[in-house]
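Which chain is which? The protein sequence lines are G and S, in order.
Residue numbers for the first sequence follow the numbering used here, so the first one is 175 and each next one is one higher.
Residue numbers for the second sequence follow the numbering used here, so the first one is 175 and each next one is one higher.
There are 2 protein chains.
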Amino acid sequence: MASNAVMEETLQILKDHKLRVTPQRHIILAYLVSHHNHPTVEIIRDALGKELPNMGASTIYNTLNTFVDHHLVVELQNGDGSTHYDYFGTPHYHAICTNCGRIVDVTYPGFSDTEKGLEKKTAEISGYMISGNHMEVYGLCPECQIKLGIKNNE
Amino acid sequence: MASNAVMEETLQILKDHKLRVTPQRHIILAYLVSHHNHPTVEIIRDALGKELPNMGASTIYNTLNTFVDHHLVVELQNGDGSTHYDYFGTPHYHAICTNCGRIVDVTYPGFSDTEKGLEKKTAEISGYMISGNHMEVYGLCPECQIKLGIKNNE
DNA sequence: TTAATAGATGAGAACCATTCCAATGTAATG
DNA sequence: CATTACATTGGAATGGTTCTCATCTATTAA
Ligand SMILES: [Mn+2]
Ligand SMILES: [Mn+2]
Ligand SMILES: [Zn+2]
Ligand SMILES: [Zn+2]
Numbered sequence: 175m176a177s178n179a180v181m182e183e184t185l186q187i188l189k190d191h192k193l194r195v196t197p198q199r200h201i202i203l204a205y206l207v208s209h210h211n212h213p214t215v216e217i218i219r220d221a222l223g224k225e226l227p228n229m230g231a232s233t234i235y236n237t238l239n240t241f242v243d244h245h246l247v248v249e250l251q252n253g254d255g256s257t258h259y260d261y262f263g264t265p266h267y268h269a270i271c272t273n274c275g276r277i278v279d280v281t282y283p284g285f286s287d288t289e290k291g292l293e294k295k296t297a298e299i300s301g302y303m304i305s306g307n308h309m310e311v312y313g314l315c316p317e318c319q320i321k322l323g324i325k326n327n328e
Numbered sequence: 175m176a177s178n179a180v181m182e183e184t185l186q187i188l189k190d191h192k193l194r195v196t197p198q199r200h201i202i203l204a205y206l207v208s209h210h211n212h213p214t215v216e217i218i219r220d221a222l223g224k225e226l227p228n229m230g231a232s233t234i235y236n237t238l239n240t241f242v243d244h245h246l247v248v249e250l251q252n253g254d255g256s257t258h259y260d261y262f263g264t265p266h267y268h269a270i271c272t273n274c275g276r277i278v279d280v281t282y283p284g285f286s287d288t289e290k291g292l293e294k295k296t297a298e299i300s301g302y303m304i305s306g307n308h309m310e311v312y313g314l315c316p317e318c319q320i321k322l323g324i325k326n327n328e
């Protein structure tokens, strides 16, 4: 699906939730839809500073929290002290480097079944009414493996 | 396995890593081994205040971070702003209530296979050298379902 | 045992990501 | 237009965690 089709669809979700589509919300969402680097507030702020120089930090936090509340965006921690954000259009999970903090998307055929199975089992065992999940896998990214001399640079 | 056997075994792990077993480390570890309530630093501090009234907050943070570094303890966030800690003797994952923050342990026969499968797939796809994972499932705990009128109190 | 070194604790200061607040601005409603 | 509710902004406040450094304790060396 084209990026602007994704945008249209997502903006519609905001409207359906009776949220106003302000310029700030629009450009933050556009940034997240088109970048999958799992940015922090600071990175978003720097990237959008030219388009909306006066956008307050609290607006970015408010906006992202709103997106999270409506399940458009997920929050991630990689140990660097600040929260990372990710537009969650396509189901996936994350591999996080324990050395440099790099976060990469992962999915595979059948992942959805794994996920559904986990949620179903959890509901049965815990009695929780399940609304979602997060899976994270930790390890050394390929670059750090080389940097730390664990793997040879081929 | 008896609780003090678990303690002995875990203290040995500290010694193997050439870490000193101080009174502070001992009682914090004992607390975590015998409580599975996923406490915060504040809760640990209150609980142990009678045994070691002068224990500094920084000591608790240092100690817990050390345990985390050596994979004896895992950190959890439930959205209340502070980090929760969990002695991780037996592999399990967590169901977290999105309303009240309650964290409960979950496991089931075959969970280990699910986990191993996820790690293996992730290594193949991402090239990461995997060292661990975290799985969390979100939803409403049974009490909150009743409290919010979603489920009847039977 | 004593001396030297490294490791650990504790009190409080500092940090800093995030939230809160009050004032201002703007969109929706009718 | 008038009213109301929603959003943005900048700055202040918050608070969990880390940092600093003096003190203390365990370990090792002599
Ligand atoms: Mn992602
Ligand atoms: Mn647990
Ligand atoms: Zn890395
Ligand atoms: Zn609950």
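The beta carbon of each residue, even a glycine, is placed where N, CA and C say it ideally should be.
- Task: Please go through the same chain and pick out, in chain order, the residues whose beta-carbon is closer than 7 Å to the beta-carbon of G/Y205, but skip the five residues on each side of it.
- Result: Sequence index remark: in the first sequence, residue 205 of chain G carries index 31 (1-based). Contacts found: I218, A221 and L222.
G/L185: first and last residue of the uninterrupted alpha helix (DSSP H) it sits in:
Translated into the one-based positions of the first sequence, residue 185 of chain G becomes position 11. Note, G/L185: alpha helix (DSSP H), S177 to D190.
Compare the C-beta of S/P227 against all C-beta atoms of chain G and say whether one is closer than 8 Å.
Within the second sequence, the letter at position 53 stands for residue 227 of chain S. No, S/P227 lies away from the interface with chain G (no Cβ there is under 8 Å from its Cβ).
inquiry  = Closer than 7 Å to a non-hydrogen atom of ligand 1 - does that hold for the CB of G/D245?
reply    = Taking the first residue of the first sequence as position 1, residue 245 of chain G is located at position 71. Here the sequence assigns His to residue 245 of chain G, which means Asp is not the residue at that position. Annotation for G/H245 indicates a beta carbon at 7 Å or more from all heavy atoms of ligand 1.
Listed by chain order, chain G residues near S/S286 by CB distance under 9 Å: In the second sequence, residue 286 of chain S corresponds to position 112, counting from 1. Within chain G, no C-beta atom comes nearer than 9 Å to that of S/S286; the closest sits roughly 13 Å away.
Checklist line | Where S/N307 meets chain G, residues with beta-carbon distance less than 8 Å | finding: Residue mapping note: residue 307 of chain S aligns to position 133 of the second sequence, counting from 1. M309, E310, V311 and Y312, listed in chain order.
Under the three-state DSSP convention, the category S/Y282 falls into = Residue numbering aside, residue 282 of chain S sits at position 108 when the second sequence is read from its first letter. The answer is coil: DSSP assigns S/Y282 none of H, G, I, E or B.
How long is the line joining the alpha carbons of S/I202 and G/C271, rounded to whole angstroms? Within the second sequence, residue 202 of chain S is the residue found at index 28, counting from 1. Within the first sequence, residue 271 of chain G is the residue found at index 97, counting from 1. Each residue's alpha carbon lies about 29 Å from the other.
Item to complete: Determine the burial state of G/L322: buried for a count of at least 16 other Cβ atoms within 10 Å of its Cβ, exposed for fewer.
Response: Taking the first sequence and counting its residues from 1, the one referred to as residue 322 of chain G is at position 148. The residue is exposed, with fewer than 16 neighbouring Cβ atoms inside 10 Å.
When you measure from the CB of S/H266 to every non-hydrogen atom of ligand 2, does any distance come out below 7 Å?
Residue mapping note: residue 266 of chain S aligns to position 92 of the second sequence, counting from 1. It does: the Cβ of S/H266 is within 7 Å (strictly closer) of some heavy atom of ligand 2.
Quiz item: How is the beta strand (DSSP E) around G/T264 delimited, first residue to last?
Solution: On the first sequence, position 90 is the one that residue 264 of chain G refers to. Judged by DSSP secondary structure, G/T264 falls outside any beta strand (DSSP E); it is assigned neither H nor E.
Closest residue to S/C318 among S/D287, S/E310, S/L193 and S/N273 (Cα-Cα distance): For this step, residue 318 of chain S is matched to residue 144 along the second sequence. Looking at the Cα atoms, S/N273 is the closest of the given residues.
At the level of alpha carbons, what is the spacing between S/T329 and S/L250? Residue 329 of chain S lies beyond the residue range present for chain S, which begins at 175 and ends at 328; the question has no answer from this structure.
Q.
What does the Cβ neighbour count give for S/G313, buried or exposed, with the cut at 16 atoms within 10 Å?
A. Working through the second sequence from its first residue, we reach residue 313 of chain S at position 139. With 16 or more Cβ atoms within 10 Å of its Cβ, S/G313 is classed as buried.
Margin query: From the DSSP secondary-structure annotation, give me the bridge partner or partners of S/L238.
Written below: The sequence position of residue 238 of chain S within the second sequence is 64, counting from 1. None; S/L238 has no bridge partner.
| field | Buried versus exposed call for S/A269 [16 or more other C-beta atoms within 10 Å across all chains shown] | value | The residue labelled residue 269 of chain S in the question sits at position 95 within the second sequence. Classification of S/A269: buried, given that the 10 Å Cβ count is 16 or more.
Margin query: Whole angstroms are fine: how far does the CA of S/N178 sit from the CA of G/D254?
Written below: Residue mapping note: residue 254 of chain G aligns to position 80 of the first sequence, counting from 1. Residue mapping note: residue 178 of chain S aligns to position 4 of the second sequence, counting from 1. Their backbone Cα atoms lie some 36 Å apart in a straight line.
- Query: Mind checking if G/H274 is an interface residue toward chain S, Cβ cutoff 8 Å exclusive?
  - Reply: Looking up residue 274 of chain G in the first sequence gives position 100. The residue asked about is misnamed: residue 274 of chain G is Cys in this sequence, not His. For G/C274, the answer is no, since every Cβ of chain S falls outside 8 Å of its Cβ.
- Where does S/C318 sit, in a helix, a strand or coil, going by DSSP? Stepping through the second sequence from its first residue, residue 318 of chain S is reached at position 144. The answer is helix: DSSP assigns S/C318 an H, G or I state.
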